Every structure is written in structure tokens, then in C-alpha cells.
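J.: Right, I'll just put the structure down here and ask away after.
Number of protein chains: 4
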Amino acid sequence: MAPVPDVPRDERHFVLTLSCPDTTGIVARIAGFLADAGGWIVEAGYHSDPATGWFFTRQVVRAESLPFAVDELRERFGQVAAGFGAETQWQVTDTGERKGVVLLVTAEGHCLHDLLGRVATGELPVRLDAVVGNQDGLGDIVRAHGVPFHHVPFPPPGNGRRHGARTAAFADLRELVDAHDPEAVVLARFMQILPPELCRAWAGRAINIHHSFLPSFVGARPYHQAHARGVKLIGATCHYVTADLDAGPIIEQDVIRVDHGDTVADMVRRGRDIERLVLARGLRWHLEDRVLVHGNKTVVFR
Amino acid sequence: MAPVPDVPRDERHFVLTLSCPDTTGIVARIAGFLADAGGWIVEAGYHSDPATGWFFTRQVVRAESLPFAVDELRERFGQVAAGFGAETQWQVTDTGERKGVVLLVTAEGHCLHDLLGRVATGELPVRLDAVVGNQDGLGDIVRAHGVPFHHVPFPPPGNGRRHGARTAAFADLRELVDAHDPEAVVLARFMQILPPELCRAWAGRAINIHHSFLPSFVGARPYHQAHARGVKLIGATCHYVTADLDAGPIIEQDVIRVDHGDTVADMVRRGRDIERLVLARGLRWHLEDRVLVHGNKTVVFR
Amino acid sequence: MAPVPDVPRDERHFVLTLSCPDTTGIVARIAGFLADAGGWIVEAGYHSDPATGWFFTRQVVRAESLPFAVDELRERFGQVAAGFGAETQWQVTDTGERKGVVLLVTAEGHCLHDLLGRVATGELPVRLDAVVGNQDGLGDIVRAHGVPFHHVPFPPPGNGRRHGARTAAFADLRELVDAHDPEAVVLARFMQILPPELCRAWAGRAINIHHSFLPSFVGARPYHQAHARGVKLIGATCHYVTADLDAGPIIEQDVIRVDHGDTVADMVRRGRDIERLVLARGLRWHLEDRVLVHGNKTVVFR
Amino acid sequence: MAPVPDVPRDERHFVLTLSCPDTTGIVARIAGFLADAGGWIVEAGYHSDPATGWFFTRQVVRAESLPFAVDELRERFGQVAAGFGAETQWQVTDTGERKGVVLLVTAEGHCLHDLLGRVATGELPVRLDAVVGNQDGLGDIVRAHGVPFHHVPFPPPGNGRRHGARTAAFADLRELVDAHDPEAVVLARFMQILPPELCRAWAGRAINIHHSFLPSFVGARPYHQAHARGVKLIGATCHYVTADLDAGPIIEQDVIRVDHGDTVADMVRRGRDIERLVLARGLRWHLEDRVLVHGNKTVVFR
């Protein structure tokens, strides 16, 4: 992660997240640890899940209120976390370090344009490392934003030579992405199903936008399915990619009203507004460490 | 239909609906017919569906602008409609006649209370003929509103004697409902699956509220299903009842946001707000002749 | 407060709220206090306001996890709270005690019907002590729900004898309400402006529903104002009553879409749906101690 | 207007709009005129306003169903329209002709990026003639999209020389815009108040996005005003520009939920999502001839 040059010391924060089996005293131990070090908590979320017996928290501390840097905080907080058992998952990040993102696209540019705009205005403070396109039509606008664009064509699924070419394309994709070790790999209407080994390699980092209100209309052509069923709202779902198609943990969803006058083409056009928004929100929350995954569900501290 | 005593002549309207195979000149012929009679159109909706090649319209005319009563309008408009082919469906209603409604309930009273309140305030100008309850717990409040309540217990599905008792219960239900020949039979959380012959008998009049955003979570315990999937919105669907469970033409849907902190019980409670609203909206539109059914879809002129 | 007979011991919770000038270590001290007593926190909200330098928290603890009853918790927590300075405000309530509510109404029944329905279904677990009506038209339905109804007519504002009668009516109202010492006095479309002394007496407990999206359309006939301006959404606002008309701390707001086809009468009818919902939500949050007031703003831990 | 090269003849439509004093027979005369020429109506909206006694319609006809071109349609429809009186306003446009748009911006790029993306994806089928910027920071991205960018600095309001420079800047702006005779002049966060003569010259074509839910928070710094009042929703309003600041006819509005945790900076960031959407919707409706203005209100046929 590169330092964010425009974040002054007194606006930097450390973000701590932790999940572990629930018991009494967790909040007290974390709060006590921070208070002993002089830490000023500016934002805190807690969730105790009665169904799973699991505890989740996210805390934001003013960097300048602590007498040590992020590495030492990580070491010390790791010791606290260790006390909550072997299953505990935790993380400490520094908002003064800009996180890396790689986007995967094909031909539909609406999510790409939206994210480029958000990066350009500073609204989404990330380091956009690269865009990889299954087609090359979006390359010019990506480069105009000063971001590297790589064209990796994916032949349609098939046997023999076609299968080999497809496997090679995924290998190229993986190499291009992993070279940046990004905090998020965003399938911004990528339209290719990732092979299981990529789902594993990017688990918890690969984020997809699906153009329906899941679990309705899984798979291909969801707007056609929605039109055929005559629903009165269409939606979009931002979720982590898993090997189980369109069934990964949901980060965010939203809907938009349609009516009998909307053709499939109208739904496609109108649905883009909600796809853009839902992906942008989900990605932001992911990058702000607001999303904690447990099993196939998420806790989102908004 | 009983006359609505509080609708003065100059606020009465005639509502004409028609659907037929689309062609040029339909609007002109209907509009010409009305104009020739001096009819003042105050509201008009048109829909031409390119996918099915079907045309739909709803027109609202000031009753006092026409020189004849509703019966003669029906006869004359029927002649116009006949010109659009044998498949044409049409209807003429008079807003000066209050429509009849029968409600079917079990134990959950939130939709019932809401509809009783809307009738009491005059917001839903209907003639509430009766409420039939699978249980009797809601009888007192129904009677306090001056509406007859009938208790018809439905044994759970089963074989032999149980099956016979269930068949008899549905026969009782049908008799109680059909005695009023209502324009709407509302399953306000009735929780019983209507047998196919009742679905046929009440086709286009039986309205159900399902507590999910269909087609997600068809069948029983939809909030449990939604909780297990970790969706970020829950919904409700108002639809016409058909023999195909939860698959009839959708009239209206809406959603409400939930998050990781919501238990199934929270979803049940919060979902009620959206069930109430969606049912009340769908029922109102049905009673105002705003809903035209074609195949398994609806055209809703809002 | 009367005990809630249907809340088993293991589902009872204590709700602690506190606001005070922000500093480091508050969370740690509260969490430490609870952890030392074995308290199991099931829900916790924190807010640190950089603009005012003020801190707010709401914590929900399982009653059975603590070795003492609510009175002793109050005493002990009061000692902790005292350590945060003289301006600190705090409260401890027991969800096993049902809170008292008095409703004030006039002629429009939509909010009343909605709240009666929510109480009847158990959705709003309150003790509905009484309804006071400026008119008596809603008395029958209130009594059908087993709730006392008092008719206190309010003459329109004026001088001399009329002024005296109005003052006497407010004195009667105050006596009727204060006899129950309710946790909430709900102006469910009461349509009378409370005199300053009642605003003071019921500060933080008197809740009004205003039928516009404040601060738009303050005062009388907001739907007429909205129609004249041609807005595309109308709204409702639930707020605490203060001596400054329609300017008290806002608890909740929501909106509903309207269009050019909606007359003022349509807006009135459609707006009721949003008034009902916004009032019910705001009242629930107030009764669940989710609303903390600071100056003219609220912190709402949803 | 330039022809749209990618619209095949059989997908072209003619859009007719008309408003006039209401009377019986208008629908019949328009429908009869179209039917006599073989016109196939695919979309039709009617509105009869009881408050003003005015009638509004928008009709969409398949171009290939008529035996004449748009110019002859205009002439013939103009004769029909003349029969409805001298106050009648009407228009006929051809969806095969791409409409021209000029954007005015300053430094905030979120609306600009959004509109550029919509044009690039073909979602907003316009001819983007030019962007004029009060500052030049957004020039590079505009030019990367192949659109001319003109930098016209506007000194702040003042007397003497400053006043003169400002007047000259507005004259330059007018010349740059009028050179394209655009169907829409979009103030995409332009942050300058247009002088009355420009409001008049561009009446019904100049479209502004205001970052509040008007009429709340007119004027400068609306998010600061919203934060101070503690509202629970913030909004955006797309309206026609008139000489009366922020008081022109409203085309579209929408809102987004905020809470106590949102600072003014958060509101600014989150509000952008709603500004983008509301402006894009309003502009689309304007360009599709869906917006008819009457007095200070709009009829929007969606």
C-alpha cells in the first residue's frame, strides 16, 4: 500500500476489525487496551449474533492519539486478539495508506465510467492499479484517466484448444492482478465466471456486481427473467465471489421501480443506475473495512 | 354493488377499461365515441405492449358530462369494444357504487387492523361485507368495526377424515364469500392454500399478500429463508391468486432495508410495515380498476 | 411502569444510555464496569460528535447476566456516569417494564388506527393509558380496544372568554395526561399548538407528527403548500415538541413520491401512509431509548 | 439537430406534445388526426388539471407508420393544434435527430463525469456540443471524451471593473452556448447565478441541479443548513432556471438517508450520488420531451 500524500497526520485513523466467539468482556478488553494507550475512538460498531454466538467489532481510532505507529499497534492488538481464541480474525489498517484496486471489465462501461469518475474526483480514495478488459473497447477512456489497461481476450467456454486458451487467459489475468496484490479485485460487469482456484486465491477480495436482486434471477440474462415474471422492482446485488455462482456473501443490494411500460431494454438501461450505485457502495464499504464475513453472510458496519 | 351515498353526482366518474390486440385507430375510436357523447375525460392511461402486440387502456370520465347512465354507457361501449375483436376484454364501472370486499384472516392481525382503519377513515371507500377467520381471535375487533365475522376452522392438510373436514371448510368458506359476490376476496395473511376450484372461481378477484419479494423465497417461512441468505432488503408482494402457488400475476411489490442486526423476529416485525402497505396499495388499485391482467402479468395504470 | 407479564426473565434486557463531553476512555470505563459485573452486551451503539465534542452511547445488556436488579444497576451506573462530569445525562431502563403512552387526537384517525393496531398485535409493547380527543368521533374505536377515551374540546384561539376556555382545556389535558406520568405523549394529528408551559413540562416526551418534510412547509396546510410549489416528493416528520413551532429535534422523516396527477386531496390521502409509518417508527425508537437529544438535534441508535 | 446515424427507420418515433385549455374532444381530435394518417401510437400520456383547467398530452408515434416526414407532420399537427386556441403550446420532434446539449461546470466534477459516462455508453443519446468551465481543472477529461472544452473564468460579484469583467464573461458564455443552439443548457454544478437576460434567453432549456430538497435550504451551502437542522434525509432537485433563484419549475427530486454520524463532509459526498441521479433523470426526461411546463410547475410524463 502506498502512502496517501494528502492525508494530514491529524486526519489519519487506524481501523481495527475483529470477529470471534462471543463472551462477556470482549468490549471491555479492547476498549481497555485502547484507553490505556490513550486511544481516542471516533467510530465504533459492535454486533453480537445470537444465531451463531459470534461477536464482531470495528473501531476507528485517531492515529495521533496513540503513541505508536501502525505496525506496533498491529503487534499489540494481535496479542489482545489472541486472548479471544484460535478462531479469532482481526485486522488493523491505516487510512493514511491508499489501498490498491484492480478492475475487470468486458464491453459494458457504465460501472467502469462511474468508478473512474469517483476516483478522479477523489470521492473513492484508492490507488487504481490497473483495468483488465476481456475486450479492448474501454481501453482509451481508462488510459485517459492515467490508468494502465490490459487486454486479455477470453474465448467462450469449450473443449480442447478453446479450453486451453481459456485456461491460459485466466493465468494471464491472475498474473496481471497478483502483480499489484490489490485489496479488491472488482468484477465491474466482467461477464466471465472465475475458475475455482481464482475464487480461492481472491477469497474475500473479489467483488462482483450482479444485475438482479439475488437470490432472484441467478445466472444469465436476469433482466429478461425479471421482465418475464412481471416484477415491479428490479435490483442489483454486490457480493463476494465464491465458487458457487451468484451465491457468495451479499455486501449490498438495492432496487429501482419498473412498470409494465418498461421493455427489457428499458430495464437494462434503468438497472444500470442501481448497479453503479450498489457496486460503488459495496466497494467503498469493503475498502473502509466495514464488511466482516462470517460463513456465507456479512456484517456491514455502516 | 350498493350506491355510495356520499358521492355527489358531480364527483361521480365512470371508469372504462379495455384490452385487445393492438392496431392503429383504437384510441381514436374510443376517444371519438366519448367525444361524440360529450364525455369529459379526466384521467386516461394507454399501454401498447410490443412483446405481446396487445393494447390496454383505462379512461375516467365525469359522469355528469355524459347524457346517459352507467347501464347505457355499458351497452354503447360494448358495441365499440366488439369492433376490436373477439378477444377484447372490457369493463365499465361507476365510482358512485361502492364495491364489496371480503377479507380472509387467520391469527396475524396487522393487515386486518390496517384495512379496518382505512375503511373506518373513509380512505378505502369499500363495502366491507365480511371477514372470515380460520381462527377466532380477531373476531372482536372486526365486530367492533360493525363488520360480520365468521369463524371457519381449517384443519391442517392430511388424509381421510382430516381431508374431508378441510374440503368441507373450503365449501363453507366459498358459500360465505359468494353470498356477497364481492369484487375482491383478500387473503390478508390467510395462511391457507386455496384449492384449484376456488382459484378458478375467484380468478382475478382473489388477492394475496406474500411476505417476500417474489420470486425470491416462495412458499413457507420466507423471512427465515431471507435471514439464512443474508439479504439486505426484505419485501412483500401483492398478487392475484392462481393454482400455481405464489406465482400469480404480481400487482405490487416493495422492500424495506434490513441489516445484520435483524433477527428473524425483527424481520417479521419490520416486514409487517411493508406487507400492510403493499396489500393496501394493491387492493386500492384493483378496486379502482387500475389493474388489467394479461397472461401472467399485470398492467397497472397508476 | 407496570411489569410486562409476557417477557420471560431470560429475554429481559437493561438499556443504558449516556451522553457527556467526549474524552478518551469512556467506552473502556463503561465496558469495564459491565464486564466486572459479568454483563453480556447484546447491542451497543457509540457516537462521537466532532462538531460538538460530545459523546453518546446506548448499550443493551442481558438482565440475567447481571447479579443485581435494575435499581442497583441504576445506582452503580450512576456512579460511573458521575465520573464523566456534571453535564452527563444518563438513564437505565428495564425492558421487562412496559412503558406508558397517552395519545392526543382530533378528528383524523389514520395515525390512531395504526397505533391501536400495533398495540393490539403486540408489535408496539406499550401500556396505552389513555387517548384524549379534541373531538369525540374517535371515542368508540378507542373504547373497543379497551382504552379509556377522554373528550376535551379546545375552542379556537381567541381573546377574552374564548382564551379562558382554551386555557382551561389545556389545564384539563395536562391533568389527564400527568395522571399517568407517561413516557410518551403522542400528538397523533392533534392539530392544537401546545402552550409553552406544556412544552416545558413534557420536554423530551411530547412527540408530534408533522405532515411535511420539515423544514419545508412549516405551519398549517403543508400539503397545500407542497402542491402549490410542485414538489415531486411529499414527506412527514416526527419530532419532539418544543415551544418553537415545528422546529423541535427531528426523530425521523420519510417521503413518498407524488406527481402532477396528484391533487391536494390525493396528497392528503397518500401522505397518510408516510405519516403513519414515520410516527410509528419514531415512537418505537423513543420508547426503546434509541433517541438521545442534544441541543436541537437527535442521535438515533437504530 | 444532427441525424442519429444508428437509429434505423423502423425504430424512429415522432414525439408530439401539446398543452391547451381543457375541453371535451381534444383527445378525440388528436387521436382522429393520427388514426386518419395511419399513425401507430406506442406511448401516450394525458393529464387534465382540475386546478388550472389546462390539458396536457404527449404522444409517441412510429415514424414508419405515417406516410409523411417530420416537417409535414409538424405542419399538419400545427393546424390541429391551432383549433385548440391561441394559448396552445405544441411541439413535434423526431427521435432520429440527436439533440444538442452544452454543459456548464466549475470545479466539482461528479455530475460531469456521470454525464460523460452516460454519453460514452450511449445511454444518453445526445450530441454533447461543448462544456464550458468557470475553472479549467475538468478540461482534460472532457477533451479525452472528444468534446470541446472552453474556459471562461467568472470573477466573483462586485462593483466597477469586477462587475464589468463578470458581465463580459456572461456575454462570452452566451456566445459559446448560443453558437450550438442546444436543446439543453445544463448547469452541472456551475455555481454561478445566471443574469436575468440569460434566464430569459434560455427559458425552458436551462436546467440546474440544486443540492437540497427544495424548497428546503435555498441558496448557498445547503448541506451545512441540513446538518445544522438535523434532518434525516438529504436531497437534490433538478429544476428549470428562472430569474427567481432556486424557485424555478421542479423537474425531479430525490432523497437519500443520512444520520447523526454524517458530518457535513459526509453529506457532501453522499449527496453527490443523488445529485448525479436526479440530474441525469431530469435531463433525460427533458430531452425526451416528457416535461411540459405550465406556470411554475411541470407535468412529467414518465
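Protein chains in written order, with our numbering: chain A, -3 to 298; chain B, -3 to 298; chain C, -3 to 298; chain D, -3 to 298.
Backbone N, C-alpha and C define an ideal beta-carbon position, used for all residues, glycine too.
Quick caveat, the model's predicted, so the values are computed rather than measured.
I want to verify the contact list: residues of chain C whose CB lies under 9 angstroms from the CB of residue 30(A), in sequence order.
T.: Contact annotation for residue 30(A) against chain C: 20, 21, 23 and 24 [CB-CB distance below 9 angstroms, chain order].
J.: In angstroms, rounded to a whole number, what distance separates the CA positions of residue 201(A) and residue 209(A)?
T.: 21 angstroms
J.: Would residue 105(A) pass as an interface residue toward chain D - the criterion being a Cβ-Cβ separation below 8 angstroms?
T.: yes
J.: Are residue 108(D) and residue 134(D) touching if we call contact CB-CB under 8 angstroms?
T.: yes
J.: Mind checking which residues open and close the alpha helix (DSSP H) that includes residue 192(D)?
T.: Bounds of the alpha helix (DSSP H) holding residue 192(D) are 192 to 197.
J.: To be precise: take each residue of the segment 77 to 105 of chain A, compare its Cβ to all Cβ atoms of chain B, and keep it if any distance is under 7 angstroms. Which residues remain?
T.: none
J.: Is the CB of residue 281(A) under 8 angstroms away from at least one CB in chain C?
T.: So no, residue 281(A) is outside the interface.
J.: Name, please, each residue of chain C whose Cβ falls closer than 8 angstroms to the Cβ of residue 38(A).
T.: 44 and 46
J.: If contact means a Cβ-Cβ distance below 7 angstroms, which residues of the segment 259 to 285 of chain D contact chain A?
T.: Listed by position, the residues of the segment 259 to 285 of chain D near chain A (Cβ gap below 7 angstroms) are 265, 268, 269 and 273.
J.: Measuring only the C-alpha atoms, how far is residue 139(C) from residue 113(C)?
T.: 13 angstroms
J.: On the DSSP letters alone, give me the boundaries of the beta strand (DSSP E) that residue 30(B) sits inside.
T.: Where residue 30(B) is concerned, there is no enclosing beta strand (DSSP E), although the alpha helix (DSSP H) it sits in stretches over 22 to 32.
J.: Can you tell me the Cα-Cα spacing of residue 263(C) and residue 120(C), whole angstroms?
T.: When rounded, the distance between both Cα atoms is 27 angstroms.
J.: Under 7 angstroms, CB to CB, which of the residues in the segment 192 to 213 of chain B have a partner in chain A?
T.: 209, 211 and 212
J.: Whole angstroms is fine: what's the gap from residue -3(C)'s alpha carbon to residue 115(A)'s?
T.: Low local confidence applies: a pLDDT of 46 at residue -3(C) is under 50, so the model's placement there is unreliable, with the coordinate-based value given in what follows. Approximately 55 angstroms, taken between the alpha carbons.
J.: Quick check: the Cα distance between residue 233(B) and residue 290(B), rounded to an integer number of angstroms?
T.: 18 angstroms
J.: With a threshold of 8 angstroms between beta-carbons, can residue 257(C) be considered close to chain A, or not?
T.: no
J.: Using a Cβ-Cβ cut-off of 8 angstroms, state whether residue 9(C) counts as contacting chain B.
T.: no
J.: Are any of the Cβ atoms in chain A nearer than 8 angstroms to that of residue 15(C)?
T.: no
J.: At a CB-CB cut-off below 7 angstroms, which residues of chain A make contact with residue 35(C)?
T.: The contacting residues are 20.
J.: Quick check on residue 252(A) - is its C-beta less than 8 angstroms from some C-beta in chain B?
T.: no
J.: Kindly identify the DSSP beta-bridge partner or partners of residue 86(D).
T.: Partner(s): 14(D).
J.: In whole angstroms, give me the CA-to-CA distance for residue 186(A) and residue 169(A).
T.: If I take the Cα positions, the gap works out to 12 angstroms.
J.: Which first and last residues belong to the alpha helix (DSSP H) in which residue 73(B) is found?
T.: 66 to 78
J.: Would residue 62(A) pass as a contact of residue 33(A) if the rule is Cβ separation under 8 angstroms?
T.: Yes, Cβ-Cβ distance for residue 62(A) and residue 33(A) is below 8 angstroms.
J.: Report yes or no: do three or more beta-carbon pairs, one from the segment 99 to 106 of chain A and one from the segment 181 to 200 of chain A, lie closer than 8 angstroms?
T.: yes
J.: Is residue 27(B) close to chain D, meaning its C-beta is less than 8 angstroms from at least one C-beta of that chain?
T.: yes
J.: Counting only beta-carbon separations shorter than 8 angstroms, does residue 6(D) have a partner in chain A?
T.: Answer no: the Cβ-Cβ gap between residue 6(D) and chain A never drops below 8 angstroms.
J.: Can you tell me the Cα-Cα spacing of residue 126(C) and residue 259(C), whole angstroms?
T.: 35 angstroms
J.: Check residue 255(C) in the structure and name its three-state DSSP category.
T.: coil
J.: Let me confirm a value: residue 110(A) is counted as buried when at least 16 other C-beta atoms fall within 10 Å, else exposed. Which label applies?
T.: buried
J.: The alpha helix (DSSP H) with residue 174(A) in it runs from where to where?
T.: 156 to 174
J.: So if DSSP puts residue 234(B) in a beta bridge, which residue, or which two residues, is it bridged to?
T.: 205(B) and 248(B)
J.: By Cβ distance below 6 angstroms, which residues in the same chain neighbour residue 274(C) in space, the five residues on each side in sequence not counted?
T.: 232, 234, 248 and 250
J.: Look at the alpha carbon of residue 286(D) and the alpha carbon of residue 207(A), and state the distance between them as a whole number of angstroms.
T.: 27 angstroms
J.: Counting only C-beta atoms, is residue 225(D) closer than 8 angstroms to chain C at any point?
T.: yes
J.: Given this structure, state the Cα-to-Cα distance separating residue 280(C) from residue 184(D), to the nearest angstrom.
T.: The straight-line gap from Cα to Cα measures roughly 41 angstroms.
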